Every structure is written in C-alpha cells, then in structure tokens.
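Have a look at the structure below before the remarks.
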Amino acid sequence: MGYLKQMDIENFKSWRGRSVIGPFTRFSCIIGTNGSGKSNLMDALSFAMGERASALRVKQLRDLIHGAHVGRPASDSASVALRCCDPRGRESVFRRRIVGNSSEYFINNVQFTLTKYLEELEMIGIVPKAQNCLVFQGTVESIALKDPKERTKMFECISQSKEFAAEYNRKREALLKAQEDTQFHFNKKKSATAERKQMFRDKVEAQKHQALLDEVQEKRLQLKLAELYQNKQGLDALIDILRGKQRAAGEQKEELVSREQAVKTCKKEHGRLSREQQHLEKEIRAQEHVQSQCNSQFIKAKVNSSHLTKKMEQGRDALMKAQKHLVSKEKEVAEGKQQIEELEKSWRTYEKAAQEKVSRERDVQLDEDQLKRYRELKELAHQQGAGLSQQAEKINWEVRSVYEKIDFNQRRKKEVEAAVRGNQAQLEDLMNRAEKLEEYTKNCSSTLDECRRQEESLSRELEQGRRRSEEVTQDLGQVLEELRNARLDSHESKRRLQRKELLENLVRLYPEAVYGRLSDLCSPIHKKYQLAVTKVFGRYMSAIVVSSEKVARECIGFIKDERAEPETFLPIDYLDVSPLNERLRTVPGAKMLVDVVQINAAVGANQLRKAVHFVCGNTLVCETIKEAKAVAFDRRERNKTVSLDGTLFSKSGVISGGSSDLRSKARCWDEKAVVQLKERKEQLTAELRDFMRLKRKESDLKQIVAQAQGAKTRLKYAKLDLDNIRKKSLADAAGWFQEISRLESERANLDCQIQMQQESVEIKEAEMKKIREQIEQIERSVFADFCAEIGVDNIREYEQEHLKQRMELDTKRLEFETQRTRLGAQLEYEQKQADQQKKKLGKMEESIERIEAMIAEEKRGERNLLMDVEEAQNRLTELKKQLLLKKSQVADAKAELELKSRSIQEVNKEFVKLQREVMSAETALEQKHMARHNLLLACKIQALPITLLSGNLNDISKVQLDPESESTFTTLDLYDREAQLVVDYSGLAAEPRGLQTEEQVEAYLHRLREELASVEALLYHTTAPNMKALEKVREVKDKFQDVAEAFDASTKVVRNCSQEFEEVKSQRFQRFSKCFEHVSVVIDQIYKRMCRNSSAQAILSADNPDEPYLGGINYSCVAPGKRFTSMDNLSGGEKAIASLALLFAIHSFCPAPFFVLDEVDAALDNTNIGKVTSFLREESSSNMQIIVISLKEEFFSKADALLGVYSVYEDCMVSHILTLDLRPYPLAEEDREKQTHGERIRLV
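Residue numbers (the working numbering): 1 to 1244.
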C-alpha cells in the first residue's frame, strides 16, 4: 500500500523559501491557529495534482508565488513536490512549478505534459478530477446537502463514466435524429402507401364513375334522340294539319269576301236612303227653323204692338199728370209775382216811416248849404291833416307789417318748437327702441340659453335614457333567458307563505338580532355543490339564525303565541363550535365543506360564518362516492365526507345516500336565484317603463328645439336691428343734437325778435295815437265854428249819429234787396219750370202721335207674319209626310242589311274558328320548333354525340327559348336554319319508332326519364372521384419507390446509430454501475462501523435503475435509535457522519495512497469525534494513509504525528511548521485493549 512521504514547498502562497512538510505517518494531524496557513497546504496538494488557478482561490497562477498578493513576489517561480512511495518503498516525486503565468510538470525531475502527468498520478491511485484523496473544508456539509442530481454527477466523476457523457449525448442525439428521420420516412412511406392504395381505389372509382357517366350520356342521348324523333313526327303531323286548316280557312275567306261584297251593296243602298232621309230631316229642321223664326217674329210683332199700346196708354197718363203739374206751376208763378208786389209795397211803407222817424227823432238837420260847408270843412281838415294821416297810415301799415312779422315769427316759433319736440321725440323714440331692443335681445339670449340648457339637459337625459334603455333591454333579455333556462316552478305553497310571513314578522320585531334563514344567508360557491351542502345542512337547512339565546327563546314564545309551525333556531352566542382541522385542507381530492359555502349577507358575516362552521364542522366534500369513501375510511383517522351526489359517510361508519327529496330541497338555492332574477326582472321592467315615459319627452325636446330656433332667429334680427339703430344713432345723434341746438337758438332768437317787435308795435301805436289826437285837434279847430253853428259839441257826435241812421237804413235796404232778389230768382225758376213743362207736354203729345202710327204699322206687319206662319206650317206638314215614307224605305233596307250581316257573321265566325285552329296549329308547330331548338341546344351544351346528316350543331344559337318568348323574324330565321339540320336516327332504338299513340310515347319517354333520373341520382349521391387518378398512378408508383428506398436507408442508419449508442451506453453503464454497486454495498458497512451500532443503516438508491446516471441518487440513513428519515431531517452531526461514510465508501472504490481531510469534525460532538477517530485509526492501520487538519483536541490527540503550523509576520505573513511524532506515546485505550487481549490469550 502506497503512501505520501512528504511535501516540498517552495515560495508557494504563505510558505516562503523551501519548506518540507512531513514526514507523514499513517495517521497524521495538522494543527494550527486560524489563518496560519493550514488551508494553503490543501491548496499546495491541489496545485501539485494539476488544479486550475481558479480552484486555488486566486485569479492567475503568478498570484500563487509568495508575496505576489502584496505586490512583492519572493521569486519568479514557485513549486510544490509530492514524494510518494509505492508498497515496495520506491519513491516517486511529482512536482509542479510556476514559470511566469504557466506551469511545468515534472516526475522524478523529468518534465512531462499535463496529460501524461495526470495519467501517472492516476496510475498510483490519485484521480485529480474526482478529488478522491482530498476533502476540503466545508465539503462534508455540502455533501450532506447535495440533491440527488448532484450526487449523480459526483458518482460520474468517481466512476469516470463522465468521459462517455459527451459521446453518449452525441450518439443519443444522432440516434434520435436517425429515428426521427426513420419515422419521417416511415410516415412518408405510410402516406405514400395510403396514397397508392387511394390512387388505385380512385382509379377503380374513376373507371366506375366513367362507366356511370357513359351510361348517363347514353341515356341522355337515347332520351334526346327519342324526343327529337317524336318532335319530328309531331312536326310532320302538325304541318299536314296546318296545311288542311289553311285550305279550309282560304275557302271560308272567299265565301266571306263574296258575302261582304253583297253587304257592301246593301249598305250603299241603305246609305243612299239614309242620306235622303237625313236630307228630308234637314229640310224639316230648316222649315221648322223658318217656322220658329216666323212664329218668333209674329210673337215679337204681337209683343211689340202690345208694348206700344201699353206705352201709348202710359204716355197719355203721363200727359195728364204733366198738364196737372203745369197748372200748379202757373199758379205758383202768379203767387210769386204777388209776393214781390207785396214786398215792394212793404218797403215803400217802411222807407216812408223811417224818414218820418228820422225827422221826428233828430234835432240837427243840415240843409244843403250846411252839407256843402260840412264837406268843404271835411276836405280842409283832410288837407291840413293829410301829412298826419299819411304818417298815421304809414304807421298803421308798419304796425300791420310788424303784426304780420309777429304772426310769422310766432308761427315760426311754433314750427321750431314742434321741430324740437319732433327731434327730441324721434331721438327719445330711437333711444327707447334701442333700450327695448337691448332688453329684447337679453330676453332672447336668456330664453335661448335656457332653451339650450333644457335641450342639452333633455338630450343628455334622453341619450342616457336611450343607452340605459339598451342596457336594461339587454339585461332584461339575459334575465328572461336565465329564467327560461331555470325552468323552476316558482309557485309557493300556502305553508311556505306562512313560514315566510312568520320570518318577516320576526325580523320586524328583532331587526338587528334575527338574521334570517340559513339557506337564505349562505349558498354554495358552485351549483355542483348544492346536493352535498343540502345533505350536510340537513335539518339546519331552514333554521333561523339569531344573535343570542335570549332572542331565540323570545322568538319561540312568539311562535307559540301565533300557533305557528315549530322552527329551528341557531343562536350564535350559544353555539359550541369546534376549531377547524387545518390539516384536512391538504387532503388530496377533497375540500372542506366550509370552503365551498359563501356568505351572502353583507352585515354580520363573521357571526354567520360561525353558524356555518357549526353546521358543516370538519366535513369534507369529494367529487365521487369512491373518493369520498376512501377519504372517510382508508386513512388513519376517519373523516366525515360527502360526495357531490349527496352520499354522506359518517365517522361511525354510517352511510346515507341522497334521498329522493334531496334534489327538491336543493332546489331552494335555485329558487333563491329565481326569486332574485324575478326581482331583477321587475326592477328592470319598472326601469324600462320609466324610460318609455321618458321617451315621451322627445316631443318636449322637439318643441324646445323649435323654441330655441325661433329665439335664435328673433335674436339674430333683433341684433341686426340693434346694430342698425346703433349705427344710425351714432351717425344721426350728433346731427340731431346739433339740429336741436340750432332750433333752440333759433327759438331764442325768435323770442327776442317777437319781444322787440311787440315793443316796436307799442311804440308805433303810441305814436299813431298821438297822430290821431293831432288829427282830431285839427278837425276840432276846423269844425269849431261849424259845430257851434249846428249846435253840437263835436263834429264826431254828428258823424256818429248820422252814420248810425244811415247804417240802419242801409241794413233794411239790404234785407229788402236780398228778399226781393230771392223772390225774383224763385219766380224766374218757377217760370222756367213752367216753360219747360209746356215744352215737355208738346213733346209728349208728339210721342203719343208717333206711337199711334207705329201701332198701326205693327198691326199690318202682324197680319203679314201670320200669313207666313201658316204657309210654313203647311210646308212642314208636307215634308213630314215625305219623311215617313223615306223612313219606311230605310227600315226595309236596314232589315235586308241586318239579314245579310247576320249571315256574314256566321261565315265570319266559322272563318275565325278556322283561323284560331290555324293559329293553334302554328303555335303548336312553333312550340315544336322551339322544343326542337332547345333539344338541339341541350345536345350541344351537353356535348351529346348526335349524328347529323346535314348541317352542324355549331350553327345552333346559344339562346335558350321559352314558351313565353314572342315569335320574331330572328326566331323564324332561327327555325328556318335549324330546319336544314337533319338528324340521323340510326342510333335510336327500334322501340320508339313503332310507337303510335301519344300515351305510348309519353310512357316510353317517362320510362327513359326515370331511368336517366335514377342513374343521375346514383351519380349525384356518388362522390366525384379523382378523374386524374389514371394519369397519376405511375407518378405515385415512382414516388412510393423513392420513399421506400429512403426508408430502408434511414432504417440502416438507425440500426448503426443504435449499435454505436448501445456500445457507449454499455460502457458508461458498466463504469457507473460498478462504482455505484460497490459504494452501495460498502457504505452500509462503513456507516455501521463509524456509528459502532449494527442497527445503523445507510442506503443509496437510484431514481432510474436502467440508466442511473440520467436520474438522481438518493442517500438515506437510519441513525442508531431512530427510525428511517430523509437526510434533511438528520442533525448536523448525523449528517457529517453520513457524509464521511459516503466519502470513505467512494474512496474504497477508487483508493488513493493517502486521504486528506480538512476540518471534517466541525459539526461533531465529542462522542462522534471519538467514533470517527477510532474509525480513522482502524483505516489508517490497514487500508490507507490519513492526514487530517483539525483544531479539536479529542481528534488530534489520537494521531500518530502532529504537524503544527504557525505564522510569522514580516513583510507579509510567512508560515512555518513543526513536526511531533506521537507513536512513542501509546494511548491508554490501546494499553487497556492490549492488556485485555493478553488476558484472553492466557485464559485460552
């Protein structure tokens, strides 16, 4: 057995210079403080075994040189050498040196490549990839925590089956690809085979289909030929019939023509007589007209004579009246002349009396001389006062002129004032109009805004109502659909109504304490749980949930008082609810019943949940009876379960199935839904009715829109008027104000002028008064002597008295003259009237004479007209006699004409009948032609092989004719051209040629059509095959050959890939299974030795026994005194021992000359450390060299040698080592064992 003798380290990490680590005994222990460099020895071993720099806790190889981590490397190189000895004692030195950033590998001072170097290490049992000789710090814990997949990877590294993993995957992928290709080609071959079979089937079906088509074509050909043949026979027969009818019609037409000629002769004679009759009637009418004229003239003359007679009598009456009137007029003229004479006589009497009165009353009477002197003095006074008179006259004229000016100015003032008032009124009217328009505009704007707001409000309301109405209609439809789908009888019995009324009364009495019935307060979360929940609820289904026991007792008392049916109550505060078993929620295939029941009430949900917990308990609900039974009885603890169909399994073992009325009880959940749906329906219906009422507001909206439009129009025109008024007011206001100002100033000027003129008038009147006083003074001085002479004080007195008398006389004279003129004018008028009346009387006498002459003349004319009337009457009687004779001749001619006309009508009727028969034959012939055309066209369209003796089917028009189409020159030309087509009927069967009657022909054609219809029906119901199958058969054969060859080639490839894959798989499986089987066997023994207990067990099991490297490896241990459990449930120490057992078992498969363990005792207590130490000493004494790094005295005190590592700080930390051999100091346990062993030997 080989071993590690020592290690030579030079400038590696914390080891400066050349250091010798060793010598190592069979069981060596390395001790030292933390950070002294113990783990660097593990890195040195890994470095010497060829590990990469990343696994040595550095980034680059040169960082392994001592001092490189502080930037001061001790040398350019570093090296580590392992001195190993084989069982024969031969020493081999494996050294690795760092040069720059690369490594050099030496064995016994001979340089090798890395690969060769690693192979030499493997030859002595050191496998670097598997790290079968090193256990780093913390590796034990990581091994315990590895998952099955990671253990599989570890075993692959140990067994070196990982070398075949890449090739295994590659071969497997190649095999899978080859299998996919084979499957692909197999599918192609399968499809090609199916296609070939299908093609052959299609070929057979195509042949059958073609035969069927040929049969259909032959049937059609025979049918068309038979129809054409019968059509030809019918055409020939119709042509013969038509010719016979046409001949008979021609003969009848000749007879008709001859009779028509005779009728024409009769008509001419009848016409001549009729014309003579008409001529006589015309003469009679003319004579009657003459007679009527004579009668009218006679009557007119008689009327005129009577009129003239009456007129003459009236004239005479008028003459008498006029004579009487003339007498009265002459009398009035005499009276007028008498009145004039009396008036003159009265005037003369008055004048004489007036003169006498004047002479009596007046004392001053001037004689002629005095009058003359008076006139002279008057002239003298006038001359002396002429200047003053002129001045007075001038002043008077000036005063008059001023008065006229005053009047003018006053009139002008009034006009100005009127103009001012007019302008002010116009301005005020304009301003008032503008204010009214502004107010009207504001009112219109406010009205328009109000209308718009109302319109927007109504529109929004109507739109919302419309949308909501659509939503309500849709919801109502869904509700109705759900109600129809429910199909539940919603009729409530009297008992249920009583119970419902009772509950309502209780809720009304205790609104906050009575919650309602349990079935109303909760419901299953899904319909499928209804039977299960109903079964578990049982008698509590219709129980009333209340808040307290007190309320329940009061409710019971109320029920007793009302003599109602008994009710079950669930007082929440009185219920003893067991806690839910939460573990039951994890039972597979089952749910807790409380989880499938939901609370519907919004208030008091927590209290109601307590009542549901009380009723449901820990009951589980399962899908099927089988699952419910298994959950109820097949587990350790029995559970109360219920299946979805209502079968209940109690813990006691009682099983109760769903009763017949369980479904009717469960219907209460659906009935609640139906009630809710009905309430929802009523709500939606009421809302829909509201929307229908709302819809009536559309008329209001239209009215508001119309009002808004009217207000908008009024506002528009009001604004236009207001703008015009404002523009006009802006343009005219200044002018109006200027005009008013001008008129005011003019009125002020006129006031000033009027005042000045009035002052001027007053001055002039005063001046004129002075002048008149001067004139009077002159007159007094001139008439002073004359006044004294005639005895008056003042000449004015005389003049006033004299003038007064003169004026009275003049007045009376004027009245007299006026009365005399009036009477004279009246007399003259009356005289004229009398003269005119006389002239009128003369004229009336002359008129009466003329009328008498006219009456005599009219009498003579009347006698002449009477003679003319009698003569016309005689002529008329003679003409009427001639007319009667002529009428009898016309009647005889008419009777003869009617007789001949009746005969010609009979002939014409026969002719028309023949014509109809001809037309019928022509129509039948045309139909035959049309049928022949359609038959030939159908043959052309259907490509029937009809043989023509003359003509060609291509000459047939493609126009399909029907019986409704009218005959035209085109169709006649078409028939003529088609008549040139002669069909060869040699292919027609002999049977239709011998048919005679139409019934036989129709029966034969009907049979042919039925046969054709049956074949066509068979063809129709037959799926149309692939008619190109015959062409594709060879192509499918070639394709199948190619696919078969490709499938054979891919099969060969799969076979080869499978062989190669099986070889690699076998190699990989052998290596892995060899290692796994060895470790599986050894680990149990090692674990029992380490635990020092035979009851301990360690088990390795593969997830995939066929290919264990593809699955995970499970590692389970049974610690002493404990039951079987998973690795995760072991304690830290148990995990460490289990991991060490696994490490030593793996090491036993691939033993290395030494085994280095770094602080594997970290998680072990003293007892376990003693067990592990004893196992290590046993192994080191017989199987392997063990080197342990430990800090626990219980561990390193039992080693054969101690290697103490300590550090010294100079420029950087430098590690040193001290070695102590403990073999001279045997352990006390070993001495006791040796002593016990000796005693046993002596006893033996």
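Even for Gly, the Cβ is constructed at its ideal location relative to N, Cα and C. Computed from a prediction, not measured in an experiment: that's the story for all the values here.
- Non-local C-beta neighbours of Leu121 in its own chain, meaning closer than 8 Å and more than five positions away in sequence, comprise Met49, Gly50, Phe94, Val127, Pro128, ordered along the chain.
- Listed in chain order, the non-local C-beta contacts of Gln774 below 6 Å within the same chain comprise Leu388, local neighbours out to five positions each way being set aside.
- Around the beta carbon of Val1214, 16 or more other beta carbons lie within 10 angstroms, which makes this residue buried.
- DSSP, reduced to helix, strand and coil, places Gly17 within a strand of the structure shown.
- Gly385 sits buried, since 16 or more C-beta atoms from the chains shown fall within 10 Å of its C-beta.
- With contacts defined by Cβ atoms closer than 8 Å, Asp1200 and Arg26 form a contacting pair.
- When secondary structure is reduced to three states using DSSP, Ser103 falls in the strand class.
- Taken through DSSP and simplified to helix, strand or coil, Val110 comes out as strand.
- In the structure shown, Cys1212 falls within a coil segment according to DSSP collapsed to helix, strand and coil.
- A straight line joining the alpha-carbon of Asn724 with that of Glu398 spans about 53 Å.
- Under the criterion of beta carbons closer than 8 Å, Ile848 and Arg316 qualify as touching, at roughly 6 Å.
- Taking every protein chain shown into account, the CB of Thr1167 has fewer than 16 other CB atoms within 10 angstroms, so this residue is exposed.
- CA-CA distance, Lys886 to Ser305, rounds to 43 Å.
- Scanning the stretch 1111 to 1144 from its first residue to its last, the whole beta strand (DSSP E) runs of 3-plus residues come out as 1113 to 1118.
- When rounded, the separation of the alpha-carbon atoms in Glu1178 and Ile107 is 32 Å.
- Contact between Asn396 and Met768 is confirmed by a C-beta separation of about 6 Å, below the 8 Å threshold.
- Using a C-beta cut-off of 8 Å, the stretch 628 to 636 makes no contact with the stretch 594 to 611, since fewer than three inter-stretch Cβ pairs fall below that distance.
- Around the beta-carbon of Gln1185, 16 or more other beta-carbon atoms lie within 10 Å, marking it buried.
- In the DSSP assignment, Ile1186 is bridged to Phe27, Phe1155.
- Here the alpha carbons of Lys300 and Arg850 stand approximately 19 Å from one another.
- Per the coordinates, the alpha-carbon of Asn606 lies some 53 Å from the alpha-carbon of Asp700.
- In terms of Cα proximity to Cys85, the closest of Ser346, Met7, Glu1045 is Met7.
- Looking at the DSSP output, Cys622 sits in a beta bridge with Ala590, Ser643.
- Going by beta carbons, Pro571 and Val546 fall inside the 8 Å limit.
- If you compare the alpha carbons of Ala706, Phe558, Glu254, Leu1019 with that of Ile904, the shortest gap goes to Glu254.
- Look at the stretch 562 to 618 and you find these whole runs of beta strand (DSSP E), each 3 residues long or longer: 569 to 571, 590 to 592, 597 to 599.
- Excluding its 5 nearest sequence neighbours in each direction, Arg220 has C-beta neighbours in its own chain below 8 Å: Gln942, Leu944, Leu1012, listed in chain order.
- The beta carbons of Asp573 and Glu554 sit no closer together than 8 Å.
- Closest in alpha carbon position to Arg638, among Leu644, Ala628, Pro1151, is Ala628.
- Sixteen is the threshold: since fewer than 16 other Cβ atoms of the shown chains lie within 10 Å of the Cβ of Asp1211, the residue is exposed.
- Between Arg62 and Ile98, the CB-CB gap stays under 8 Å.
- Here Ser328 is exposed. Its C-beta has fewer than 16 other C-beta atoms within 10 Å.
- Exposure of Thr685 is indicated by the presence of fewer than 16 other C-beta atoms within 10 angstroms of its C-beta.
- In terms of CA proximity to Phe1144, Val1082 leads the group His1216, Ser28, Val1082.
- Annotation for Ser950: no alpha helix (DSSP H) segment contains it, though the beta strand (DSSP E) segment containing it runs 948 to 950.
- Three or more Cβ pairs drawn from the stretch 234 to 251 and the stretch 911 to 920 lie within less than 8 Å of each other, which places the two stretches in contact.
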